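Student: Each number in our numbering comes from the position in the sequence shown (counting from 1) with 95 added on.
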Amino acid sequence: MPQPEFRAAHARKQRKHACFLYSTIAAACAALGACATTPIATPITTTTTETNAAVRAPTLHDSLFTLDTHLDTPASFVTARGFDILKRHDVERDGSQVDVPRMDEGGLDGGFWVIFTPQGALSTEAYRQVRDTALLRALAIHEMVARSPDVFALVTTPDEAREAHAEGKKIVFISIENSYPLGEDLSLLETFYKMGVRMVGPVHTANNQFADSSTDRDGPKHGGLSPLGRELVKEANRLGMVLDASHASDEVLDQMIDLSATPVILSHSGTNDVYDHPRNVPDALLVKLAKSGGVIQMNALGRYLADIPPSPERDAKLKALRAKWGDTDALTGEAYEAFLDELGAINAEYPAQMADFEDYMKQVLHAIKLVGVDHVGFGADWDGGGGLSGYRDITALPKLSERLLAEGYTRDDLQKMWSGNLLRLVQQAQDYAASQKS
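1) Cα separation between Leu-520 and Ala-418?
2) Taking C-alpha atoms, which residue in Leu-435, Asp-454, Leu-166 lies nearest to Asp-424?
3) Which full runs of the beta strand (DSSP E) of 3+ residues lie inside the stretch 480 to 508, going along the chain?
4) Taking the DSSP output, what are the residues bridged to Phe-207?
5) Count the other CB atoms within 10 Å of the CB of Glu-502; is the residue buried (16 or more) or exposed (fewer)?
6) Identify the continuous alpha helix (DSSP H) that holds Phe-49 and give its terminal residues.
7) Starting from the C-beta of Asn-302, find all residues in its chain whose C-beta is less than 6 Å away, skip the five residues before and the five after it, and write them out in chain order.
8) Inspect the beta-carbon positions of His-237 and Met-290 and report whether they are closer than 9 Å.
9) Should Gly-128 be labelled buried (16 or more other beta-carbon atoms within 10 Å of its own) or exposed?
10) Using 8 Å as the threshold, is the stretch 464 to 473 in touch with the stretch 372 to 391, meaning 3 or more CB pairs across them?
11) Could you give the first and the last residue of the continuous beta strand (DSSP E) run that contains Ser-363?
12) Whole-angstrom Cβ separation of Asp-488 and Val-186, contact assumed at under 8 Å?
13) In chain order, what residues of the same chain have a beta carbon less than 6 Å from the beta carbon of Pro-276, not counting five sequence neighbours either side?
14) Apply the 10 Å Cβ neighbour rule to Ala-443 and answer buried if 16 or more other Cβ atoms are within range, or exposed otherwise.
15) Leaving out five residues on either side along the sequence, give the residues of the same chain with a beta carbon under 7 Å from the beta carbon of Gly-397.
16) Roughly how many angstroms separate the alpha carbons of Tyr-527 and Ser-355, rounded to a whole number?
17) What did DSSP end up calling Val-295 once you bin it into helix, strand or coil?
18) Is it true that the CB of Trp-477 sits closer than 9 Å to the CB of Gln-214?
19) In three-state terms, what does DSSP make of Asn-375?
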């Protein structure tokens, strides 16, 4: 989920690039009554990729095919100022964690780029509005690729991903975090499938029409999946999408494993037996997930990994800053820079308390020992709240590989965890869908 200081879905300018792509998706939007009332997202500025600021000696990590399963970066594309993915940014300045220069430096080859929408009311009008937001978020991801076809490749199959990787391009799979935008019309899932979506999660931080969340303050609503949620599982199987149970309650995960014809993924989750938090998964369920062929992708969001000491002074300063500037995603130019200056001053005086890299490694190593290297991967929640002391953005990824090597894991082990396990699940979902058509 995007951090509120830097993310939202406000956008106003119409784009003129990638005409064929736009007309294709715009036609889908028009058929749903979406584009007539919702503005097109702000353009992603195009520049030449900057030279890496840091020079790093090649390591074994650089030889791996590395994919992260939960990149929330598309939320940045639809702010009023847009986000130049080709330009190097500074996590200490603007909080961003993913861009092409840092992908190059950190050896990240791509992954699943997320269509995220926050949970809202369960009503017909709310469904219509959030559907439009999700369609435009999908369009923003497509346009990122269309603007820089020499840099990015939109892929929908493992073979396409490997081919694009061989050509030196960044991999762009697409996923949906929170199926709330589908409303009660499951035919919309096929619309998103045609836009390239190959992974879908039913729920986010609150219960919705499909499933119970692990973190809803009111507790469970459905006792797991709702009847509509069970139909969602079947439809994802039919289309060939990987089902993602991150954010779902333990009961939902348990039921999804039983109902799904193909293995389930946890795209950004942790282990509850290491740190007790509702977003983390008990060992017994992880063992069941692994026995069914599923995979847990390890999350690096600090409050899910360790106790974070409170900082009332920092909280008060941030609250006052938000009150002064309002919707920071609407800020541009000098106003945005002034906001960042004030935010930086707060960070300097009252540094954010964070979990650290060792807290993360406890989670990673426990998961590997519990279910094995065939059932573990990485989905740190970059640009969605992830990031730790000593592991702040994607430039730190080699540190994880180096630590796993030091723990005795082999290059083949690392390759499975960085992309092999994920691609296996994508292939299994697609093979099942194909088998049902024959």
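The beta-carbon is built from N, C-alpha and C at its ideal position, and this holds for glycine as well.
No experiment lies behind these values; they were computed from the predicted model shown.
Tutor: So, from the listed chains and residues:
1) Here residue 520 is taken as the residue at index 425 of the sequence shown, counted from 1. Here residue 418 is taken as the residue at index 323 of the sequence shown, counted from 1. Approximately 45 Å, taken between the alpha carbons.
2) One-based indexing of the sequence shown puts residue 424 at position 329. Of Leu-435, Asp-454, Leu-166, the residue nearest in Cα terms is Leu-435.
3) none
4) Taking the sequence shown and counting its residues from 1, the one referred to as residue 207 is at position 112. In DSSP, Phe-207 forms a bridge with Phe-268.
5) Looking up residue 502 in the sequence shown gives position 407. It counts as exposed.
6) With the chain running from 96 to 533 in the structure shown, residue 49 is simply not present.
7) Taking the sequence shown and counting its residues from 1, one reaches residue 302 at position 207. Counting only Cβ-Cβ distances below 6 Å, and skipping sequence neighbours, we find Ser-308, Asp-311, Lys-316.
8) Numbered from 1 along the sequence shown, position 142 holds the residue referred to as residue 237. Numbered from 1 along the sequence shown, position 195 holds the residue referred to as residue 290. The answer is yes: Cβ separation under 9 Å.
9) Sequence index remark: in the sequence shown, residue 128 carries index 33 (1-based). Annotation note: pLDDT 44 at Gly-128 (below 50); position unreliable, coordinate value reported separately. With fewer than 16 Cβ atoms within 10 Å of its Cβ, Gly-128 is classed as exposed.
10) yes
11) Here residue 363 corresponds to residue number 268 of the sequence shown, with the count starting at 1. According to the sequence displayed, residue 363 carries His and not Ser. Its beta strand (DSSP E) spans residues 360 to 366.
12) Here the question's residue 488 lines up with position 393 in the sequence shown. Here the question's residue 186 lines up with position 91 in the sequence shown. Yes, they are in contact, since the Cβ atoms of Asp-488 and Val-186 sit about 4 Å apart, within 8 Å.
13) Residue 276 sits at position 181 when you count from the first residue of the sequence shown. Excluding sequence neighbours, Pro-276 sits near Thr-212, Val-225, Arg-226, Ala-229.
14) On the sequence shown, position 348 is the one that residue 443 refers to. Exposed, by the Cβ-count rule.
15) Locating residue 397 in the sequence shown gives position 302, counting from the first residue. Answer for Gly-397: Ile-403, Met-449, Ala-450, Leu-483, listed in chain order.
16) The residue you call residue 527 lines up with position 432 of the sequence shown. The residue you call residue 355 lines up with position 260 of the sequence shown. The straight-line gap from Cα to Cα measures roughly 11 Å.
17) Counting from 1 along the sequence shown, the entry for residue 295 is found at position 200. Looking at Val-295 - three-state DSSP - the assignment turns out to be strand.
18) Position 119 of the sequence shown, counting from 1, holds the residue named residue 214. Position 382 of the sequence shown, counting from 1, holds the residue named residue 477. Not closer than 9 Å, so no.
19) For the purposes of this step, residue 375 is taken as residue 280 along the sequence shown, with counting starting at 1. Correct three-state label for Asn-375: strand.
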